[in-house]
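Enquirer: Would you mind keeping the following structure in view while I ask a few things?
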Amino acid sequence: MKVIMIHDVDKVGKRGQTVSVAKGFARNYLFPRSLAVLADAASERTLKTRLKSLEKQDAHERDAAQSVAERLQGVALRLAAAAGEEDRLYGSVTAQTIALALAEKGFTIDPRQVDLPDHIKQLGAYAVPIHLHRDVRVEVQLVVERS
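According to my numbering, the sequence shown holds residues 25 to 171 in order.
Quick look at the structure:
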């Protein structure tokens, strides 16, 4: 089924792009969440005006994310955690933990924006990528030390 993407969806397509997807995926995921519309002549015409307004909104969000990224550039976090003999944590440091630590420093970051491939389970220093916008990423230095 051919659809026109309204928003970026990882591994599917970018906004404004016409892609071919499975019917069930379109009906059950893309259409209910307003991520895409059926690709036909009528929707293409209406979507052009909608995409222009979305691009203006996206530019505004990108500028806001860029200013937050500039402030985050020099931020270093220190977290204390209980650890065993081999520097292995009893728990783990998650995206939620990092978002809360950033909130204490005055940054409003959604845990989904913290791009951790897996939970941190060892003591040490880490560079944690923060995905503020699809075009704006910044790394925050994190040091996990023994409590």
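Ideal Cβ positions, reconstructed from N, Cα and C, are used throughout, including at glycine.
Keep in mind that this is a model prediction, so the values were computed, not measured.
Determine the burial state of T70: buried for a count of at least 16 other Cβ atoms within 10 Å of its Cβ, exposed for fewer.
Expert: Burial call: exposed.
Enquirer: Closest to A105 by CA distance: which of K26, G37, L166 and I30 is it?
Expert: The shortest Cα separation from A105 among K26, G37, L166 and I30 belongs to L166.
Enquirer: May I ask you to report which of helix, strand or coil DSSP gives H97?
Expert: One detail in the question is off: residue 97 reads as Gln in this sequence, not His. Three-state result, Q97: coil.
Enquirer: Return the CA-CA distance between H84 and Y114, expressed in angstroms with no decimal places.
Expert: For H84 and Y114, the distance between alpha carbons rounds to 42 Å.
Enquirer: CB-CB under 7 Å to A89, same chain, minus the five flanking residues each way: which ones, in chain order?
Expert: L156, H157 and V160.
Enquirer: Check for me: the alpha helix (DSSP H) holding E128 runs from which residue to which?
Expert: That run of the alpha helix (DSSP H) goes A119 to E128.
Enquirer: Assuming the contact rule is C-beta atoms closer than 8 Å, A63 and V27 should be a hit. Round their C-beta distance to whole Å, please.
Expert: About 6 Å separates the two Cβ atoms, so the contact holds.
Enquirer: Is it buried or exposed, G98, if we count other Cβ atoms within 10 angstroms and call 16 or more buried?
Expert: Exposed: under 16 other Cβ atoms inside 10 Å.
Enquirer: DSSP three-state call for R158: helix, strand or coil?
Expert: Of the three classes helix, strand and coil, the one that applies to R158 here is coil, per DSSP.
Enquirer: Under the three-state reduction of DSSP, which class applies to V36: helix, strand or coil?
Expert: Reduced to three states, the DSSP call for V36 is coil.
Enquirer: Between A46, R51, K47 and L59, which has its C-alpha nearest D34's C-alpha?
Expert: Ranking the options by Cα distance to D34, first place goes to L59.
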